[in-house]
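Residue numbers (our numbering): 581 to 688. Think of the CB as a built atom: it goes at the ideal place given N, C-alpha and C, for glycine as much as any other residue. Owing to the predicted nature of the structure, the values given are computational and were not obtained by experimental measurement. Input: a single structure, listed below in structure tokens.
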């Protein structure tokens, strides 16, 4: 099996709601795929595919313990999302300032 032609980035990996739920689930604990699959209404094969997208994007760490692979969140790549979203903070600040002005002017 060769290297995949498509390697997802962090943005593509978190675009899917199931993968976002996986990240939340694995944030505080390391879990094997059997336990992870029990938390989702999809097949184990589908969960495995989602896990591999997250692994390829660098968002998960996996390790073998005997015959079992366990997964855990690697939060460092999420900084890319934070940095990108920080650019848009200026727009929120502007909108909040305008809202504050409007509310204060209505109360006068």
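* Asked: So which of 672, 636 and 670 has the shortest CA-CA distance to residue 657?
  -> By one-based count along the chain shown, residue 657 stands at place 77. For residue 657, the nearest C-alpha among the options comes from 636.
Cβ neighbour criterion (16 or more within 10 Å) applied to residue 676:
Here residue 676 is taken as the residue at index 96 of the chain shown, counted from 1. Counting Cβ neighbours within 10 Å, residue 676 comes out exposed, since fewer than 16 surround it.
Three-pair Cβ contact test at 8 angstroms for the segment 603-616 versus the segment 642-652 = yes
- prompt: Roughly how many angstroms separate the alpha carbons of residue 615 and residue 600, rounded to a whole number?
  reply: Start at 1 with the first residue of the chain shown, and residue 615 comes out as number 35. Start at 1 with the first residue of the chain shown, and residue 600 comes out as number 20. Straight-line Cα distance between these residues: approximately 17 angstroms.
Can you tell me which of the three DSSP states residue 622 falls into? Position 42 of the chain shown holds residue 622. Three-state result, residue 622: coil.
Run of the alpha helix (DSSP H) containing residue 610, from where it starts to where it stops = Here residue 610 corresponds to residue number 30 of the chain shown, with the count starting at 1. Element bounds for residue 610: n/a, residue is neither H nor E.
- Can you name the residues that DSSP bridges to residue 649? Within the chain shown, the letter at position 69 stands for residue 649. BP columns for residue 649 point to 644.
Closest by CA to residue 587, which one among 685, 638 and 686?
-> Stepping through the chain shown from its first residue, residue 587 is reached at position 7. That would be 638, whose Cα lies nearest to the Cα of residue 587.
With DSSP as the reference, label residue 587 as helix, strand or coil.
In the chain shown, counting from the first residue as 1, residue 587 sits at position 7. Residue 587: coil per DSSP, three-state reduction.
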